[in-house]
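Under the working numbering, the sequence shown has 137 at position 69, and the numbering climbs by one with no breaks. C-beta: ideal position from N, C-alpha, C; glycine also. Taking it in order: structure first as structure tokens, then the write-up.
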Amino acid sequence: MKKAVLSRGKIALAVLVAILVCEIPAIAYATTTQEKLDEAIQDKKDLQNKIDDNNEKLDDLKDTETGLKTELKDLNTQLSEVSANLESLEQQIAEKEVQIEVITVNLEEARETEKWQYECMEKRIQYMYVEGELDYLDLLFSVTSFSDFLNYRDYFAAMADYDRNMLEEYEATRQMIEEEEARLKQEKVELDNLLVAAEAEKSKVAGLISQTSNSISKYGDLIDKAEEEARAYEAEMKKKDEDIEYLKKKIAEEKALSQAAANAAWRDISEVTFADSDRKLLANIIYCEAGGEPYEGKLAVGAVVINRVLSSRYPDTVVGVIYQKSQFSPVASGRLDLALSVDKATPSCYQAADEAMAGITNVGSCLYFRTPIEGLTGINIGGHVFY
Numbered sequence: 069m070k071k072a073v074l075s076r077g078k079i080a081l082a083v084l085v086a087i088l089v090c091e092i093p094a095i096a097y098a099t100t101t102q103e104k105l106d107e108a109i110q111d112k113k114d115l116q117n118k119i120d121d122n123n124e125k126l127d128d129l130k131d132t133e134t135g136l137k138t139e140l141k142d143l144n145t146q147l148s149e150v151s152a153n154l155e156s157l158e159q160q161i162a163e164k165e166v167q168i169e170v171i172t173v174n175l176e177e178a179r180e181t182e183k184w185q186y187e188c189m190e191k192r193i194q195y196m197y198v199e200g201e202l203d204y205l206d207l208l209f210s211v212t213s214f215s216d217f218l219n220y221r222d223y224f225a226a227m228a229d230y231d232r233n234m235l236e237e238y239e240a241t242r243q244m245i246e247e248e249e250a251r252l253k254q255e256k257v258e259l260d261n262l263l264v265a266a267e268a269e270k271s272k273v274a275g276l277i278s279q280t281s282n283s284i285s286k287y288g289d290l291i292d293k294a295e296e297e298a299r300a301y302e303a304e305m306k307k308k309d310e311d312i313e314y315l316k317k318k319i320a321e322e323k324a325l326s327q328a329a330a331n332a333a334w335r336d337i338s339e340v341t342f343a344d345s346d347r348k349l350l351a352n353i354i355y356c357e358a359g360g361e362p363y364e365g366k367l368a369v370g371a372v373v374i375n376r377v378l379s380s381r382y383p384d385t386v387v388g389v390i391y392q393k394s395q396f397s398p399v400a401s402g403r404l405d406l407a408l409s410v411d412k413a414t415p416s417c418y419q420a421a422d423e424a425m426a427g428i429t430n431v432g433s434c435l436y437f438r439t440p441i442e443g444l445t446g447i448n449i450g451g452h453v454f455y
């Protein structure tokens with residue numbers, strides 16, 4: 069254990085020297101997994117608030133939509149009543165027009181009859197008192213008694229009364245028909261006014277129906293959007309729960325790894341004997357894993373390999389560490405063998421390999437690296453997190 073502590077002390081000193089000599093930029097450290105977990109829990113609370121707000125908005129939208137649908141139903145009923153009233157008014161107007169047409173014909177007939185009666189009376193009077201004047205006087209002078217005279221007088225008086233009565237009757241009939249015609253025409257005017265008002269009411273109700281239907285459609289779209297948001301929130305909440313569960317497991321794993329690393333035995337770099345081929349092998353695995361990274365990323369990859377060589381949990385040679393099963397993807401994919409065949413490692417990769425084999429590390433005692441994932445804490449350099 070003391071030896072492991074000394075090794076870590078030398079490693080820390082080597083890092084300090086490398087920073088001073090090589091002017092290595094500051095390393096950005098990720099937040100801890102516990103902080104990530106706390107943040108995820110807070111995010112979940114915030115998300116739940118959003119879900120509650122969205123559900124409340126959705127309930128309000130549905131209540132409004134229900135109210136609009138009820139209003140639309142009432143408006144449709146109202147429109148049916150107005151339409152029925154319009155139909156009734158149109159029928160009444162049609163009937164009134166027929167009545168007016170009939171009464172107009174009757175009035176014309178009454179006027180013709182009155183005119184005829186007046187002409188008949190005029191002719192009789194003209195005959196009796198103008199053209200038949202001598203006959204009328206002869207008749208009067210031919211009477212032999214006063215009673216005959218009275219009878220003739222009564223006859224002529226009755227004829228005059230008949231003509232006058234008939235003329236008065238026809239005049240009264242004509243006046244009655246005229247009054248009836250005027251009444252019917254006034255009723256038609258009133259019906260026409262009612263029809264105009266009913267048509268205006270129908271237009272108004274139809275406009276309200278169109279407006280309400282558009283509002284229902286609008287609220288339907290808003291409801292669809294809110295429901296879509298609700299589904300998205302549910303999916304996000306599920307993902308957040310998965311993230312929290314993952315972070316909890318990751319914390320447990322990290323604690324286990326940390327404990328295992330603390331309990332593992334560590335060799336000092338001076339105790340390691342490197343083979344001639346180790347430098348080329350290390351430089352090419354650095355090229356495969358971090359060829360596009362800045363120098364600090366290359367050194368970090370080399371340091372992880374050497375840390376494994378120093379740890380009792382891994383093989384004690386560079387070859388054994390790099391070719392350990394399922395550890396470095398370029399080995400499994402064949403990229404490392406291709407790189408080695410033409411020695412693709414750049415000068416900076418060889419420099420990083422030399423410094424790592426000299427015990428210099430910019431990632432402390434990290435044994436792992438990978439592309440960053442949610443919840444994974446460690447030292448972020450370039451496109452990798454080291455832990």
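Worksheet entry | 8 Å contact criterion, which Ile277 and Leu143 should meet: CB distance rounded | Indeed they touch by this definition, with Cβ atoms about 5 Å apart.
Discussion item. Check this for me: beta carbons of Asp311 and Glu442, under 7 Å apart or not?
Written reply: The answer is yes: Cβ separation under 7 Å.
Worksheet item: So Ala407 packs on Tyr355, CB below 8 Å; how close in whole Å?
Response: About 6 Å; that satisfies the 8 Å criterion.
Worksheet item: Taking DSSP as the reference, what is the three-state secondary structure of Ser379?
Response: Per DSSP, reduced to three states, the secondary structure at Ser379 is strand.
Worksheet entry | Spatially closest choice to Glu190 from Glu357, Ala320 and Asp231, by CA coordinates | For Glu190, the nearest C-alpha among the options comes from Asp231.
Worksheet item: So what's Val453 in DSSP terms, helix, strand or just coil?
Response: Correct three-state label for Val453: strand.
Item to complete: Could you have a look at Val89 and say whether DSSP puts it in helix, strand or coil?
Response: Any reading at Val89 needs caution, since the residue's pLDDT is 32, under 50, leaving its predicted position unreliable; the model's value is listed next. Helix.
Discussion item. Given this structure, state the Cα-to-Cα distance separating Gly427 from Leu404, to the nearest angstrom.
Written reply: Going by the C-alpha atoms only, they are around 23 Å apart.
Discussion item. On the criterion of 16 or more Cβ atoms from any shown chain inside 10 Å, does Gly446 qualify as buried, or is it exposed?
Written reply: By the beta-carbon neighbour count (other beta carbons within 10 angstroms, threshold 16), Gly446 is buried.
Fill in: Pick from Met305, Ala226 and Val257 that is closest to Lys113, judged by C-alpha positions
Comparing Cα positions, the closest option is Met305.
Discussion item. Here's a check: name, in chain order, each residue in its chain whose Cβ is nearer than 7 Å to the Cβ of Glu239, leaving out the five neighbours to either side.
Written reply: Result list for Glu239: Glu182, in chain order.
Worksheet item: Under the DSSP definition of a beta bridge, which residues are partnered with Trp334?
Response: Residue pairing for Trp334: DSSP places it in a beta bridge opposite Ser379.
Worksheet item: Under the three-state reduction of DSSP, which class applies to Ile447: helix, strand or coil?
Response: Three-state DSSP puts Ile447 in a strand.
Worksheet item: Which residues mark the beginning and the end of the alpha helix (DSSP H) in which Gln419 is found?
Response: Looking at the DSSP string, the run of the alpha helix (DSSP H) that includes Gln419 is Pro415 to Met425.
Discussion item. What does DSSP give as the partner residue(s) for Leu437 in the beta ladder?
Written reply: The sequence given here places Phe at residue 437; Leu does not occur at that position. Paired residues: Phe454.
Discussion item. Just to check my reading of the structure: Leu349 and Val386 have Cβ atoms closer than 8 Å, yes? What is that Cβ distance to the nearest angstrom?
Written reply: With 8 Å as the limit, Leu349 and Val386 qualify as a contact, their Cβ atoms being about 6 Å apart.
Worksheet item: Alpha carbon to alpha carbon, how far is Thr241 from Val173?
Response: Roughly 13 Å separates the two Cα atoms.
Item to complete: Please classify Gly402: is it buried, with 16 or more other beta-carbons within 10 angstroms of its beta-carbon, or exposed?
Response: Looking at its Cβ environment, which holds fewer than 16 other Cβ atoms inside 10 Å, Gly402 is exposed.
Worksheet item: Hey, how far is the Cα of Glu158 from the Cα of Lys286?
Response: Straight-line Cα distance between these residues: approximately 37 Å.
Worksheet item: Are the CB atoms of Val273 and Val166 nearer to each other than 7 Å?
Response: The beta carbons of Val273 and Val166 sit no closer together than 7 Å.
Practice prompt. Kindly list the residues whose CB is nearer than 7 Å to the CB of Ser416, restricted to its own chain and excluding five residues on each side of it in sequence; keep chain order.
Written response: The residues are Tyr363 and Lys366.
Worksheet entry | Euclidean distance between Cα positions of Glu155 and Ala266 | Here the alpha carbons of Ala266 and Glu155 stand approximately 10 Å from one another.
Worksheet item: Is it the case that the Cβ atoms of Lys293 and Lys164 are separated by a distance below 7 Å?
Response: Against a cut-off of 7 Å, the Cβ pair of Lys164 and Lys293 comes out as no contact.
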